Amino acid sequence: MNGQSTAASDYGTSGWSADEVAVLTDAVEHAPSVHNTHPWWLAVHDRTAVLRERTEAELLHHDPNGRDRSISCGTALTNLVLAVRSLGWRAETRIETGEAITATVVGTQRASASEEDMRRFRAVKQRRSDRAAFTGRPLTGAERDAVAGAAAMPGIQLAWIDGEPSALAVARLLEYAARVYHDDPGYQRELTMWTQAPRGPRDRGLAAHAFGSSGLSAAGLVTGRTRVPDEATLAKRIQHESVCVLGTGNDTAADHVLTGQALQLAWLEATSRGISGSVLTQPLHLVEVRTGLASELELTMVPHVLLRFGRTSAEER
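What follows is the structure in structure tokens.
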């Protein structure tokens, strides 16, 4: 998942003002999405905001089953809820899945936003995907607890990858996935099609400079020119960085949306604390990688994403 996002909006003469609608729209525009495809529409009327999945935003090789598209809708929903709360409203949310995901958020009554919500809302525009190796000071136990606590929604499970055996097991799976995608011509053609020269931050597609060249990020989005790190190198990076698996008990569109919501809360919490992060989803599109993660780490969940957090050396200067 990469970059920022855009949304379309409309509103009537009653309900939220034009300025308030702009706040909601701007928050959704800054949600991360798969390949920056922005797979949603936002409609606002009265005091109701409706986020709808754009099912035509297809990535046949990168996201054949729409997993990342659903996760992207979840990240946008988190930003939308935080924006509603920032305007001083209690946010009531209803999610429907079917042919397309529809999330409805209603401002039901006046309520002051918590300091936590406001801190995370302020981080919406600061959040970035950082694919550099996190070679700086590792996260403290308290920082890990705060990030994990932010993601602790009902139905969500989070597991940190700790210790050499676990790191090596995950590294083997990531190296395997990287080589599969490296040698997949359909995947490589689609990746090239969605790669753009650097332009504005809200353009669709991947910026040419966005690909990781070392460490874990290099095992995420893999081009034909990527030098896939060996498993020993990957394992060392996993041990130095703070890497976690996020998942749920099932593997439905609703589970993917929930994962996106929790993912974004964790990422915003990290951002608000000056911690960098990025997400890996591509390896987990392979069934054998998902089942391998669950088996090797003895997980009771279906893993959907890998989250990595840390600091670059430049951030500590």
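Just so we're aligned: the sequence shown equals residues 1 to 317 in the working numbering.
Cβ coordinates follow ideal geometry from the N, Cα and C atoms, glycine included.
On a predicted model such as this, the values are computed, not experimentally measured, just so you know.
Under 8 Å between the Cβ atoms of Gly310 and Phe121? Counted from its first residue, the sequence shown places residue 310 at position 310. Counted from its first residue, the sequence shown places residue 121 at position 121. Not in contact: Gly310 and Phe121 (Cβ atoms no closer than 8 Å).
Meets three-Cβ-pair contact criterion under 8 Å: the stretch 123-139 and the stretch 63-75: As far as the Cβ criterion goes, the stretch 123-139 does not touch the stretch 63-75, which means the pair count is below three.
Please say whether Thr248 and Met301 have beta carbons closer to each other than 8 Å? The residue given as residue 301 occupies position 301 in the sequence shown. The residue given as residue 248 occupies position 248 in the sequence shown. At the C-beta level, Met301 and Thr248 come within 8 Å of one another.
Measuring alpha carbon to alpha carbon, tell me which of Ile71, Ala111 and Gln188 ends up nearest Leu60. Working through the sequence shown from its first residue, we reach residue 60 at position 60. Comparing Cα positions, the closest option is Gln188.
Check the DSSP bridge columns for Gln157 and list the partner residues they point to. Against the sequence shown, residue 157 aligns to sequence position 157. Answer is Gly247.
Assuming contact is defined by CB atoms lying nearer than 8 Å, are Leu268 and Thr259 in contact in what I supplied? For the purposes of this step, residue 268 is taken as residue 268 along the sequence shown, with counting starting at 1. For the purposes of this step, residue 259 is taken as residue 259 along the sequence shown, with counting starting at 1. No, the pair does not count as a contact, with Cβ atoms beyond the cut-off.
Same chain only: Cβ atoms within 6 Å of Glu296, ignoring 5 sequence neighbours per side: Numbered from its first residue, the sequence shown carries residue 296 at position 296. Excluding sequence neighbours, Glu296 sits near Ala169.
Contact check, Ala100 vs Arg52 under 8 Å by CB: the rounded distance? Counting from 1 along the sequence shown, the entry for residue 100 is found at position 100. Counting from 1 along the sequence shown, the entry for residue 52 is found at position 52. The C-beta distance from Ala100 to Arg52 rounds to 6 Å, short enough to fall under 8 Å.
Going by beta-carbon coordinates alone, are Gly205 and Thr195 separated by less than 8 Å? By 1-based counting over the sequence shown, the position of residue 205 is 205. By 1-based counting over the sequence shown, the position of residue 195 is 195. Yes, the Cβ-Cβ distance between Gly205 and Thr195 is below 8 Å.
For Trp194, does the three-state DSSP call read helix, strand or coil? Here residue 194 refers to the residue found at position 194 when the sequence shown is read from its first residue. Residue state, collapsed to three classes: coil.
Does the distance from the CB of Val147 to the CB of Ala262 come in under 8 Å? Counting from 1 along the sequence shown, the entry for residue 147 is found at position 147. Counting from 1 along the sequence shown, the entry for residue 262 is found at position 262. No, the Cβ-Cβ distance between Val147 and Ala262 is not below 8 Å.
Around the C-beta of Ala7, are 16 or more other C-beta atoms found within 10 angstroms, so that it is buried, or is it exposed? In the sequence shown, residue 7 corresponds to position 7, counting from 1. Any reading at Ala7 is ruled out, since the residue's pLDDT is 40, under 50, leaving its predicted position unreliable.
Three Cβ pairs or more, each shorter than 8 Å: is that satisfied between the stretch 216-229 and the stretch 162-179? Counting C-beta pairs with one atom in each stretch, the stretch 216-229 and the stretch 162-179 have three or more that are closer than 8 Å, which means they touch.
Any chance you could list the alpha helix (DSSP H) runs of at least 4 consecutive residues sitting entirely within the stretch 99-176, in chain order? Residue ranges of uninterrupted alpha helix (DSSP H) with 4 or more members, entirely inside the stretch 99-176 and ordered along the chain, are 115-122 and 141-150.
Comparing C-alpha positions only, which one of Ala103, Ala152, Tyr181 and Ile275 sits nearest to Gly224? Working through the sequence shown from its first residue, we reach residue 224 at position 224. Ranking Ala103, Ala152, Tyr181 and Ile275 by Cα distance to Gly224 puts Tyr181 first.
Suppose only complete runs of 4+ residues qualify. What are the alpha helix (DSSP H) ranges in the stretch 234-309, listed by chain order? Restricting attention to alpha helix (DSSP H) runs no shorter than 4 residues, the stretch 234-309 encloses them at 253-272 and 287-296, ordered along the chain.
As assigned by DSSP and simplified to three states, the class of Ala31: Within the sequence shown, numbered from 1, the residue matching residue 31 stands at position 31. Taken through DSSP and simplified to helix, strand or coil, Ala31 comes out as coil.
Bounding residues of the beta strand (DSSP E) (the contiguous stretch that carries Leu42): For the purposes of this step, residue 42 is identified with residue 42 of the sequence shown, where counting begins at 1. First-last of the beta strand (DSSP E) with Leu42: Trp40 to His45.
Once DSSP output is grouped into helix, strand and coil, what is the label at Gly186? Position 186 of the sequence shown, counted from the start, is the residue given in the question as residue 186. It is helical.
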